[in-house]
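Each step along the sequence shown adds one to the number in my numbering, with nothing skipped, and position 42 is 39. Where a beta carbon is used, it is the ideal one built from N, C-alpha and C, also for glycine. Take a look at the structure set out below.
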Amino acid sequence: MTHRRPLLFLALAAGLLLAVFATGCATETSSAETSDIFEAAPWPSGESLQYQVVNGDGDLLGHGTLESMADAGVIALHQRYVEAETPEGAEPITDDITVWVNASTFRPERGERIAVGRDEDGKSSTDRWQWTYGVEDGDPVITVTHDDGDGEPSTDTLRLRDHYYDNESSLWLWRSVDLGEEHEAFYVSVNALERSQQTVNLRVPQTEMVTVPAGEFEAYRLLFRNGRAVRTAWIEAAEPHRVLRWDNGSSILELLP
């Protein structure tokens, strides 16, 4: 099923492996042996980080905020993105995503997304997604409802493979893994918007210095591979292991002071 994308930079940031490893295939399998990769959350509850979104030429596209809050064994992970410039009289383009995960395992429980965009005539439109994780006939599943405001909401269910994490939790998940040099692992990323799941190869080849608007830092370089696609994130070497930069191949997310 194809869904329209109202946001001009909907896939420019976040843990959007869709922008990295898009396939549109909900039943993709892989011969790689996957495993759980979450170890521990290094970030404090109530953390709030500010980012800029730029293209390959350095042009500013938007700003982002990543926030987390722990309560009763569940962590709420929230992302908000706003376009850099809004035409006079128009409603700002925004993207709000929240995923709730188990604090001990990082296994997702539910999520929601509200994306406000504009068409070529400047008219605003809103897409809403809600999804929940559960068990059906003994197997894990995700059920996704999408409402684009143009008709009846659509609902789909996808049966999941083991060792899965929600795609929209990626910018926190990557901070929680074994960050030792030469570490390598495979896990499953579930994309609620596309009703798909992907096997992702994560590798930590080295540490290096990286400069972002927030300053210069020693960072672990993380490589993500699915098929021929390879993308890169730089994670701060010192705790709380903030995401310093995420390059999805078409746009870049960078930490602000």
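To which residues does DSSP link G257 through a beta bridge?
The structure shown does not extend to residue 257, since the chain spans only -2 to 254, so no value can be given for it.
Might you give, ordered along the chain, the residues of its own chain that have their beta carbon closer than 7 Å to the beta carbon of R104, omitting 5 neighbours on each side?
Counting from one through the sequence shown, the residue named residue 104 turns up at place 107. Excluding residues within five positions, the ones whose Cβ falls inside 7 Å are V98.
Inter-residue Cα distance where the pair is G114 and S121
Here residue 114 refers to the residue found at position 117 when the sequence shown is read from its first residue. Here residue 121 refers to the residue found at position 124 when the sequence shown is read from its first residue. G114 and S121: Cα-Cα distance of roughly 5 Å.
Can you check which of these residues, T154, E205, Q194, V174, is closest to D163 by C-alpha distance?
Here residue 163 refers to the residue found at position 166 when the sequence shown is read from its first residue. Ranking T154, E205, Q194, V174 by Cα distance to D163 puts Q194 first.
Close Cβ partners of P256 (< 7 Å) along its chain, the five nearest in sequence each way excluded
This structure cannot speak to residue 256, because the chain is shown only from -2 to 254.
Would you mind listing the beta strand (DSSP E) stretches within the segment 139 to 224 that are 3+ residues and don't spill past its ends, in chain order?
151 to 156, 161 to 163, 180 to 188, 193 to 209, 212 to 223
What whole-angstrom Cβ distance do W128 and A189 have, given they're in contact under 8 Å?
Position 131 of the sequence shown, counting from 1, holds the residue named residue 128. Position 192 of the sequence shown, counting from 1, holds the residue named residue 189. Correct: roughly 4 Å between the Cβ atoms.
Candidates D33, Y78, D68, A67: closest to V51 by CA position:
Here residue 51 refers to the residue found at position 54 when the sequence shown is read from its first residue. Checked all of D33, Y78, D68, A67; the closest Cα to V51 is Y78.
Which value, in whole angstroms, describes the spacing of the CA atoms of T26 and T154?
Start at 1 with the first residue of the sequence shown, and residue 26 comes out as number 29. Start at 1 with the first residue of the sequence shown, and residue 154 comes out as number 157. Residue confidence is low: T26 scores 47 on pLDDT, short of 50, so the model does not pin down where it sits. No coordinate-derived value is stated.
What is the DSSP secondary structure of D244, counted as helix, strand or coil?
Within the sequence shown, numbered from 1, the residue matching residue 244 stands at position 247. In this structure, D244 counts as strand in the three-state DSSP scheme.
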